[in-house]
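Using our numbering, the letters of the sequence shown map in sequence onto residues 64 to 513. First the structure, in the form of structure tokens, and then the observations on it.
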Amino acid sequence: MATLGIDGLVSGLKTSDLINQLMQVEAAPQALLKTKQTATTNLVTALQSLNTKVASLADAATKAATATSWTATKATASAASVTATTSTGSTPTELSFTVGKLAASQVALSPDYASLPASGTLTFKAPDGKLTEVAIGADAAATARAISASGAGVNAVVVTANGTTRLQLTGKESGQAHAFELYAGTKAQVEGGTATAVGLTPTRAASDAEITLWAGTAAAQKVTSSSNTFSEVLEGTAITVSKVETDPVTLSVTSDTAALTSLASGLVGALGVVFSDISSRTSTTTTTAADGGSVVTGGLFSGDSTVRGLQQQLQTAALYPVDGVSPASVGITMKSDGSFALDQEKFTAALAADPAQVEKVVSGIAQRVADVAKGASDSVEGTLTKKITGQQTAVKDLGTQIEAWDRRLSVRRENLERTYAALEVTLSNLNSQSSWLAGQLSSLSASSSS
Numbered sequence: 064m065a066t067l068g069i070d071g072l073v074s075g076l077k078t079s080d081l082i083n084q085l086m087q088v089e090a091a092p093q094a095l096l097k098t099k100q101t102a103t104t105n106l107v108t109a110l111q112s113l114n115t116k117v118a119s120l121a122d123a124a125t126k127a128a129t130a131t132s133w134t135a136t137k138a139t140a141s142a143a144s145v146t147a148t149t150s151t152g153s154t155p156t157e158l159s160f161t162v163g164k165l166a167a168s169q170v171a172l173s174p175d176y177a178s179l180p181a182s183g184t185l186t187f188k189a190p191d192g193k194l195t196e197v198a199i200g201a202d203a204a205a206t207a208r209a210i211s212a213s214g215a216g217v218n219a220v221v222v223t224a225n226g227t228t229r230l231q232l233t234g235k236e237s238g239q240a241h242a243f244e245l246y247a248g249t250k251a252q253v254e255g256g257t258a259t260a261v262g263l264t265p266t267r268a269a270s271d272a273e274i275t276l277w278a279g280t281a282a283a284q285k286v287t288s289s290s291n292t293f294s295e296v297l298e299g300t301a302i303t304v305s306k307v308e309t310d311p312v313t314l315s316v317t318s319d320t321a322a323l324t325s326l327a328s329g330l331v332g333a334l335g336v337v338f339s340d341i342s343s344r345t346s347t348t349t350t351t352a353a354d355g356g357s358v359v360t361g362g363l364f365s366g367d368s369t370v371r372g373l374q375q376q377l378q379t380a381a382l383y384p385v386d387g388v389s390p391a392s393v394g395i396t397m398k399s400d401g402s403f404a405l406d407q408e409k410f411t412a413a414l415a416a417d418p419a420q421v422e423k424v425v426s427g428i429a430q431r432v433a434d435v436a437k438g439a440s441d442s443v444e445g446t447l448t449k450k451i452t453g454q455q456t457a458v459k460d461l462g463t464q465i466e467a468w469d470r471r472l473s474v475r476r477e478n479l480e481r482t483y484a485a486l487e488v489t490l491s492n493l494n495s496q497s498s499w500l501a502g503q504l505s506s507l508s509a510s511s512s513s
């Protein structure tokens, strides 16, 4: 709202400055509310950041507490041509085998394209009897595109040499189950035995990969696969071969120490992130006041019972013994600065000496930490979540109070401006009356003299 231009027209007072000074005093309570709102908003932001870190800690702890996480394995082979990957269900073991054949897809050439029907239908037949029709195109290239786009599982390209054009047909997948035959005719004609078989010239036969388990022993057994990967020989282990191996290959599946160490380090690292965040927002800062004295300011989390309680609960969960066994025995400790650390050398040694004990201790710690972290970060009932919601409500309430003060101060300013404007008018009238009286007195004095 525009203010009245009343600056001391009669009184000579700087009324605008005077009103501003008065309003500054009047607005002091609102300024306190704004300061409190800013501080509360900063606290909400800090709590949200902490809540995110605690949620991540809950995830890391849950993973470390899950029994299947401790069954992690890795596989190595004595031959570079054999690789293997392990997954859930894999168990430490050894397996010996030779590699007799690799899987291959069928490759065949059609006769001279000119000898094929100029129009009509070609039909591919799979070993399982599946029939797929392909319309013959206007030329060899069109027919090749139609074959590749069909559901026959065959790619086709045009090959021209010495004036002869043929189609090279390649199975999209390896293995005998993906071999094919070609007929000139429809499905019905193939089924009725009236279609003409197209004489294909094989350049590579479809074949399965083959390994022989326990080769050279009475227990020797051949296993085949349509691809070069054998996924069902060992539960949870996929074996891939890339070369024929006549000498026995030994595949070793062992516990994955690196993965198990990662479980513990992930838990400890996530704890460290949470504690570091709390520590950085709790520490005090000291500044020098105008009078030379020291001013100590607490961090955002200083005195916050919710955060302090969470910190204490996590510390207890992480450091309390599991069935009488100290976390320090597997390398999990808290340093003097309050941060967590994992002695990997000690952890690895403990894992080698007694893996079951290490799993019991770490998973026990992890379960306790997960319970605390979930209790704090749960999206509905979490203590941190509720704290954040409460502080957000406080920010909103403070905003409402600040808006009310805006209206109150606006009215107060208008009243002050009217008051001082009226004062100027009154002073102006008094000045006019004073001038009139002075004139009258002057007239009376002149009359008396004459």
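Ideal Cβ positions, reconstructed from N, Cα and C, are used throughout, including at glycine.
- Residue burial is scored here from C-beta neighbours: G445 has at least 16 other C-beta atoms within 10 angstroms and is therefore classed as buried.
- Residues A128 of the same chain have their beta carbon placed closer than 7 Å to that of Q430, with the five preceding and five following residues left out of the count.
- Spatial neighbours of R267 in its own chain (CB-CB distance under 7 Å, excluding positions within 5 residues in sequence) are listed in chain order as A167, Q169 and V170.
- Less than 8 Å divides the Cβ of V337 from the Cβ of V117.
- In the DSSP assignment, V197 forms a beta bridge with L185.
- Counting C-beta atoms within 10 angstroms of its own C-beta, G238 has 16 or more neighbours from the protein chains shown and is therefore classed as buried.
- Comparing C-alpha distances from F187 to each of A242, A203 and D202 shows the shortest one belongs to A242.
- Excluding sequence positions up to five before and after T257, its CB lies within less than 8 Å of the CB of G248, all in the same chain and listed in chain order.
- In the structure shown, E298 falls within a coil segment according to DSSP collapsed to helix, strand and coil.
- Per the C-alpha coordinates, the member of N478, V220, L326 and T369 positioned closest to K423 is L326.
- Under the three-state reduction of DSSP output, K398 falls in the coil class, being neither helix nor strand.
- The three-state secondary structure of N218, taken from DSSP, is strand.
- In this structure, the straight-line span from the alpha carbon of Y176 to that of R208 is close to 14 Å.
- Collapsing the DSSP output to three states places K99 in a helix.
- Inter-segment contact for the segment 316-334 and the segment 146-156 is present: three or more beta-carbon pairs are separated by less than 8 Å.
- Cβ-Cβ separation between Q455 and V107: approximately 6 Å, consistent with a contact (criterion under 8 Å).
- Excluding residues up to 5 positions away in sequence, T161 lie with their Cβ nearer than 7 Å to the Cβ of T309 in the same chain.
- Within the segment 209-291, complete beta strand (DSSP E) segments of at least 3 residues are found at 217-224, 227-234, 244-247, 264-267, 272-276 and 284-288, given in chain order.
- With respect to T195, G214 sits close: the two C-beta atoms are nearer than 8 Å.
- Counting only the Cα atoms, S389 lies some 7 Å from Y383.
- In the displayed model, V145 falls within a strand according to three-state DSSP.
- Counting only the Cα atoms, T115 lies some 31 Å from D386.
- Take the alpha-carbon of D80 and the one of I451: they are about 42 Å apart.
- Unbroken alpha helix (DSSP H) stretches of 4 residues or longer found wholly inside the segment 411-487: 418-440, given in chain order.
- For F403, the enclosing beta strand (DSSP E) covers residues F403 to L405.
- In this structure, DSSP gives G366 a state outside helix and strand, which the three-state scheme calls coil.
- Nearest in C-alpha terms to V145, of all of Q496, K164 and T154, is K164.
- A residue is called buried once 16 or more other Cβ atoms fall within 10 Å of its Cβ, and A91, having fewer, is exposed.
- Where T317 is concerned, the enclosing beta strand (DSSP E) starts and stops at E308 to S318.
- For G394, the CB contacts under 6 Å within the same chain, skipping 5 residues up- and downstream, are L405, D406, K409 and F410 in chain order.
- By the C-beta density criterion, N291 is buried, having at least 16 other C-beta atoms within 10 angstroms.
- Annotated three-state conformation of G192 is coil, per DSSP.
- Remark: C-beta atoms of S119 and A380 do not approach each other more closely than 8 Å.
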